[in-house]
Each structure stands twice: as C-alpha cells, then as structure tokens.
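Input: a single structure, listed below in structure tokens.
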C-alpha cells in the first residue's frame, strides 16, 4: 500500500509541471484568440458604421480642390466607433497599434476613380504608425468589371501582449494582429 502512494506521488511530480504548462498555454492562446475575435468584430462594426457616412460631405471628389479630408466628420467618428466596439481592449500609440481608413471609388471599367482622403495616399491613419496593406491596383483588380461602387476599407493593426508571460521565449510578445473589413459606401460611388 505504501508503495502505491509513493508511486502516485512520483507520477504526480513528473506530470504536474507538464499539465500546468499545457493549461497555461491554453489560457494564453484563449486570451489571444479572444482579443483577435474582438478585433475582427470591432473592425466590422466600424466599417458598418462608416458605410452610412459621407467622407466628402456631399462634395464631388473629382473636383480638383476637394480633398475629402473631413477628419472630424467622417474618419474620427469611424475610429471612435471602433474604440467603443473594441472595449475593453484599446489601441496604444506607443505600441505601434493603428487604425487605417480608406475610401475607394471604382468605375464600371474597373479603373480606380479615387482613393480618399486625397492627401493621404495610403489611407487616413490615426497614429501614423502603419500604412495600408490594400493597394490601389489590388482594389481595381478585385472590384473591376462590375457596376461602379464606393468601398470603405477599415484596417486595424494591434499588438496583443501576453497575459501570463509564460511563453515569451516561444511566442512573440507582443503578438502582432491585423484585421480588415470592407463595406460598400454608396456616397463614394463615382456614378452617384
């Protein structure tokens, strides 16, 4: 009987660290996955919110003097809606996080009519830490040869820091995350 108790203690001593590492890894993965799911949902919510707006305030983007840079009227409210949907997480300027908002007008031929705001060729960026991964050529190639349309693209770069800190030697800390959401934007349609 004493031998069985001793054997069980030895087995527990050997397996307990392995089990704790597995549980810790699952917990850390769960925290990261929850942050990524929240990031995706918040990017989609911001794009849905922005799809009702007008980045040019009713002006024609093709006019030479119209830049469509009304930050307080279109881009900032979309970014604030992202912040509300992303809570309790938040973007941190010093960590390299950023939200990039771009508006595209695509003609029926597939040619890109414009990318807004005009004075930000890589999209409006809240902190200036990142640039858009969506190029004008990519939009024209993907959206070409269909009815003209306006498209709102919301991209978010986020750095998720480990909660437990047990796996910094295995996983990068912070873990870089990226989410993108596209929505039709009728106010940016070249034929509106």
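Residue numbers (our numbering): 1002 to 1193.
Ideal Cβ positions, reconstructed from N, Cα and C, are used throughout, including at glycine.
Tell me the residue span of the alpha helix (DSSP H) that contains residue 1087. 1077–1087
Evaluate residue 1076 with the Cβ neighbour count: other Cβ atoms within 10 Å of its Cβ, from every protein chain shown; 16 or more gives buried, anything less gives exposed. buried
Beta bridge counterpart(s) of residue 1106 as assigned by DSSP: 1115, 1151
Please report how far the alpha carbon of residue 1124 lies from the alpha carbon of residue 1069, in whole angstroms. 12 angstroms
How about residue 1081 and residue 1100: are their beta carbons less than 7 angstroms apart? no
Could you have a look at residue 1177 and say whether DSSP puts it in helix, strand or coil? strand
The alpha helix (DSSP H) with residue 1090 in it runs from where to where? Where residue 1090 is concerned, there is no enclosing alpha helix (DSSP H), given that its DSSP letter is neither H nor E.
Which whole-angstrom value is the C-beta distance of residue 1168 and residue 1029, which I expect to be below 8 angstroms? 6 angstroms
Take every Cβ of the stretch 1107–1121, pair it with every Cβ of the stretch 1133–1143, and state whether three or more of those distances are shorter than 8 angstroms. yes
Between 1106, 1008, 1111, 1120, which lies nearest to residue 1191 when the distance is taken from Cα to Cα? 1106
Could you tell me the boundaries of the alpha helix (DSSP H) in which residue 1137 lies? 1137–1144
Whole angstroms are fine: how far does the CA of residue 1060 sit from the CA of residue 1066? 10 angstroms
Near residue 1182, what residues of its chain come up, given a Cβ to Cβ distance below 6 angstroms and the 5 sequence neighbours on each side ignored? 1044, 1045, 1048, 1155
I need the DSSP call for residue 1046, collapsed to helix, strand or coil. helix
When the Cα of residue 1171 is compared with those of 1026, 1005, 1035, which residue comes out closest? 1026
Which of the three DSSP states is assigned to residue 1067 in this structure? coil
Closest to residue 1216 by CA distance: which of 1019, 1184, 1073 is it? Summary: the structure shown does not reach residue 1216, with the chain confined to residues 1002 through 1193, and so no result is reported for it.
Residue 1171 (DSSP reduced to helix, strand or coil): coil
Given that a residue counts as buried once 16 or more other Cβ atoms are within 10 Å of its Cβ, and exposed if not, what is residue 1054? buried
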